[in-house]
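Per this note's numbering, the very first residue in the sequence shown carries number 8; after that it's consecutive.
Virtual Cβ for every residue (Gly too), placed ideally from N, Cα, C.
Each remark here refers to the structure printed beneath this line.
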Amino acid sequence: MTKFYLNIVFLLGFLFAQSESIAQVSHNSVELDWKTIQSQTESGSIQEVKTSFNAFAKKAIQNNASEILIDKILLIDNYFEKVGEFAEKIFWYQYAIDSLCNNEYIRCVEVRRRFAELYGSIEQYDKAIKLHKDNLLFLKSKQFNDAVSLENSLIARYYHFSKDMRQSEIYYLNSLESAKKANSLFYIILAYNNLGFFYSQNNDFEQSEKYYLQGIKTLESKDSIKAQQKAQLALLKGNLGGNYLLNQEQLEKGILYLNEDIHFNLEQGELDLALNASIELAKYYYSIKDFQKANETILNCIGHPRIQNREHPNNELLVLNYYWLFKAHLEQQKNTEALHYFKAYDSLKTVRDEAREARRTTIEKSLLENILNVQLNYQNQQIQLKEKENEVLVEKNKLYFYQVTIGLILLLSLLLFLFFYGRKRISLLRIKKELAENKFEVEKIAKEKANIELKYKNKDLTDFAIDISRKQEVLTEVKSKLGAILEGEWKDESIKKAIKSLIFYTNNNLIIDEQLKEFQENVDEINYKFLDTLQKKYPNLTELDKNVCGLIRLGLSNKEIATMRNVSYKAVRMSRYRIRKKLNLPAEVDLVEFLKGIG
8 MTKFYLNIVF
18 LLGFLFAQSE
28 SIAQVSHNSV
38 ELDWKTIQSQ
48 TESGSIQEVK
58 TSFNAFAKKA
68 IQNNASEILI
78 DKILLIDNYF
88 EKVGEFAEKI
98 FWYQYAIDSL
108 CNNEYIRCVE
118 VRRRFAELYG
128 SIEQYDKAIK
138 LHKDNLLFLK
148 SKQFNDAVSL
158 ENSLIARYYH
168 FSKDMRQSEI
178 YYLNSLESAK
188 KANSLFYIIL
198 AYNNLGFFYS
208 QNNDFEQSEK
218 YYLQGIKTLE
228 SKDSIKAQQK
238 AQLALLKGNL
248 GGNYLLNQEQ
258 LEKGILYLNE
268 DIHFNLEQGE
278 LDLALNASIE
288 LAKYYYSIKD
298 FQKANETILN
308 CIGHPRIQNR
318 EHPNNELLVL
328 NYYWLFKAHL
338 EQQKNTEALH
348 YFKAYDSLKT
358 VRDEAREARR
368 TTIEKSLLEN
378 ILNVQLNYQN
388 QQIQLKEKEN
398 EVLVEKNKLY
408 FYQVTIGLIL
418 LLSLLLFLFF
428 YGRKRISLLR
438 IKKELAENKF
448 EVEKIAKEKA
458 NIELKYKNKD
468 LTDFAIDISR
478 KQEVLTEVKS
488 KLGAILEGEW
498 KDESIKKAIK
508 SLIFYTNNNL
518 IIDEQLKEFQ
528 ENVDEINYKF
538 LDTLQKKYPN
548 LTELDKNVCG
558 LIRLGLSNKE
568 IATMRNVSYK
578 AVRMSRYRIR
588 KKLNLPAEVD
598 LVEFLKGIG
């Protein structure tokens, strides 16, 4: 008997070892597939990477490797960002949060942070805050106080962006409290710096100085500090120096601190911090009309070899440096140099603005697409559910029919026949009614689906119109300003020639008829039912009137319509007035809502 039990124990141990071995082999197989995907990100097409990653995700889920999948979603994120596949990036973030983070893996914290950053970049701060607060609950439950400190500061930042200063202050103070609980010097200093910056932005320089000095004293009281802490010390002094210059107190110390900050960060490779400090110091010199020192400060910074050889410069900070160089040279009446720096500023600003707008538009469309896909998937599921119910009802219908037939054969009684037949007849009518109701529901859901798709097309068309209008406005304004500059007295003919060249370049980039024609064709295609109805109800409207009605119905402003049609703002207002008269609209009726109700 004892031998029998020993054999059972041995067998269970063997099976356990086998299951562990199989699990290990499965995880190894998943990692091998990931190496294939890494290779494709370097030499394969985008579609190949997307297809392979989808297959990899399915395999990881089948092998209970959710934590590995979360880790790889964070890694593939960099590739999708690089190739501009924001829709794919957002899809996997949402999938990870909805389906993989129920067990609250620690890597889910990073997923939510990155998703929040996307929402923050398009100013949807409430959604970013919600994601960070989910992180905060998890981190508090695990008592990860250093991470709790960071999460509080991120929430505070988004409240600051959304102008809720009271909530921002509360979370910054919570960040400091959590850092002290964790006894983390790095996060304590970070919290002091964040609080100093917060109060300086709200012009409370006394409170700001208090927290900056607490951070500085904490670091300087140490016998020795590491390189990371030296960087924090330089940052605190630089920010405090900026405070002194803004507050017009201890100016010499403020200049000294900012210069130290610039030089330290240039040597340590923290180039963005150096560029930011140079802007603050140059702005001060500009305010006291010491334009030469303003120029020297910026040129010494942007001329540093580390910045000159930088592979991916921060356009935002370089734009501001060139802007202040342009302003300072203009004040010195060094027009040639001022024009040179203006061109550099304008070029970098254009690249920055176009990149920022393109990224924002792509993210917004990707988020909208993600929401629409969720809605469409839900409605498809509803349709399938209704169709399944219809199949069940059809089967029930057949069953009732068989029961009636068997009842007729077995009972052979007219009375019983009438009784059962009447009963089944009522059931059949009820089923037919339910079938009709379900059919109506299916048609209703299909109609809602079509409306959602039409709304999506209208959103794209409106975005296109606004983009054309914005480009027209910007180029027209630049052309006007260049024309005004050209009317001045210029002794150097080469400068006049350069300005004329810029005006010619601006003219060449104004919207051409083909783009407007393409836009109008898209408007006609989307609004063909509306235009047809409008023609039938109001035949006295001209083709121009109908075209303007189509643009108004899309929600474009008078200014945007004027830019699109290359006419004056006044002409559009007169056109709207003429249309209201032809439509016999009372003054209290909104024209936009009236047009949206047609078709």
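Assuming residue i is part of the alpha helix (DSSP H), what are its boundary residues?
i, result
"V90", "Element bounds for V90: n/a, residue is neither H nor E."
"V574", "That residue, V574, is in no alpha helix (DSSP H); it is neither H nor E in DSSP."
"C108", "Neither: C108 is in no alpha helix (DSSP H) and is coded neither H nor E."
"L563", "Careful: L563 lies outside any alpha helix (DSSP H) and carries neither H nor E."
"K334", "N322 to E338"
"R173", "M172 to A189"
"E55", "I53 to Q69"
"T540", "Y535 to K544"
Between the options, which lies nearest to residue i when the distance is taken from Cα to Cα?
i, options, result
"A350", "E338, Q339, K341 and F333", "The amino acid at residue 350 is misidentified as Ala; the sequence shows Lys. For K350, the nearest C-alpha among the options comes from F333."
"T549", "A335, E274 and L590", "L590"
"L346", "E213, K504, G249 and K440", "K504"
"L306", "I269, E338, E323 and L421", "I269"
"E402", "L417, S215, I438 and L418", "I438"
"G276", "L415, I309 and Y291", "I309"
"E555", "L76, I586 and P546", "Note on residue identity: the sequence assigns Val, not Glu, to residue 555. Of the listed residues, the one whose Cα sits closest to V555 is I586."
"A198", "Q410, E184 and Q208", "E184"
"D297", "K260, E338 and L325", "E338"
"I77", "A64, K89, Q131 and K57", "A64"
"N210", "Q236, N250 and K233", "N250"
"L355", "A335, Y330 and K341", "Y330"
"T357", "N322, L265 and E344", "N322"
"I80", "Q45, N110 and N70", "Q45"
"Y86", "N71, Y102 and F60", "F60"
"N110", "A238, A72, N342 and F151", "A72"
"S191", "D153, R572 and N547", "D153"
"A569", "A578, Y291 and K237", "A578"
"A241", "A281, Q214 and A62", "A281"
Give the secondary structure of residue i by DSSP, where H, G and I count as helix, E and B as strand, and everything else as coil.
i, result
"L278", "helix"
"R437", "helix"
"P312", "helix"
"F151", "coil"
"Q386", "With a pLDDT of 48 at Q386, under the threshold of 50, the predicted position of this residue should be treated as unreliable, and no value is reported."
"I269", "helix"
"V596", "coil"
"L609", "Any property of residue 609 remains undetermined from this structure, which presents the chain solely from 8 to 606."
"S46", "helix"
"S169", "coil"
"A72", "coil"
"D297", "coil"
"T549", "coil"
"I605", "coil"
"Q410", "helix"
"R587", "helix"
"K341", "coil"
"A30", "With a pLDDT of 43 at A30, under the threshold of 50, the modelled position of that residue is not reliable, and no figure is offered here."
"Q101", "helix"
"V381", "At V381 the pLDDT is 49, less than 50, meaning the model places this residue with poor confidence and gives no usable figure here."
"I129", "coil"
"R120", "helix"
"R430", "helix"
Under 8 Å by Cβ, that's how I've got residue i and residue j pegged, so tell me the actual separation to the nearest angstrom.
i, j, result
"N246", "N200", "7 Å"
"L243", "Y219", "5 Å"
"V155", "L144", "Between L144 and V155 the Cβ distance is about 10 Å, and since that is not below 8 Å, they are no contact."
"F424", "L415", "6 Å"
"F122", "L138", "6 Å"
"L226", "I196", "6 Å"
Cβ of residue i versus every heavy atom of the ligand NAD: is any distance shorter than 6 Å?
i, result
"I605", "Absence of the ligand NAD from the depicted structure is noted, as is the absence of any ligand whatsoever, leaving it without description."
Problem - Length at least 4, wholly inside the stretch 204 to 262: the alpha helix (DSSP H) runs in chain order - result: 212 to 227 and 234 to 254
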